[in-house]
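**Q** Everything in the sequence shown is counted per the numbering used here, starting at 303 for the first residue and increasing by one.
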Amino acid sequence: MKVGNNTIQINVVAEDGITNKKYELIVHRRNEQEELQYEQERESSAERLSAILEEQNNNSNVDEIKQNKNSNIIWIIAIIILDGIIIVGVIYMRKKQKKID
Numbered sequence: 303m304k305v306g307n308n309t310i311q312i313n314v315v316a317e318d319g320i321t322n323k324k325y326e327l328i329v330h331r332r333n334e335q336e337e338l339q340y341e342q343e344r345e346s347s348a349e350r351l352s353a354i355l356e357e358q359n360n361n362s363n364v365d366e367i368k369q370n371k372n373s374n375i376i377w378i379i380a381i382i383i384l385d386g387i388i389i390v391g392v393i394y395m396r397k398k399q400k401k402i403d
């Protein structure tokens, strides 16, 4: 194909051998300057996409860390409450034991 627009004509015949349809395709072949510009745009787009994906991955990791931190805080609070209940129970049992003695 030559550089620039190229016209390709296609004649399609149906299985019945009678029906046919003509199609015309116009294919553009880039020159060296257009090809270089296309490659630069493609690389730039790929870099932008890569940056976006990396940012999304980092945001996902931050969200996961926050979720784990919140979960850990809940567990720590639950353990502190449970420890408090146990301590109060032990104090109550000791006072009760002293009254019996």
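Idealized CB from N, CA, C, for every residue including glycine.
Ignoring anything shorter than 4 residues, give me the alpha helix (DSSP H) runs that lie fully in the stretch 316–341, in order along the chain.
**A** Complete alpha helix (DSSP H) runs here, min 4: none at all.
**Q** Check whether the Cβ of Leu384 lies closer than 8 Å to any Cβ atom in chain C.
**A** In the structure shown, chain C does not exist; there is a single protein chain.
**Q** Whose C-beta lies closer than 8 Å to the C-beta of Gly306 among residues of the same chain, with five residues either side of it excluded?
**A** Residue mapping note: residue 306 aligns to position 4 of the sequence shown, counting from 1. Only His330, Arg331 and Asn333 meet the Cβ criterion.
**Q** So, Asn313 versus Lys324, is the Cβ gap smaller than 8 Å?
**A** To locate residue 313, count along the sequence shown from 1; it is residue 11. To locate residue 324, count along the sequence shown from 1; it is residue 22. Yes, Cβ-Cβ distance for Asn313 and Lys324 is below 8 Å.
**Q** Which residues does DSSP list as the beta-bridge partners of Val314?
**A** Working through the sequence shown from its first residue, we reach residue 314 at position 12. Val314 is bridged to Lys323.
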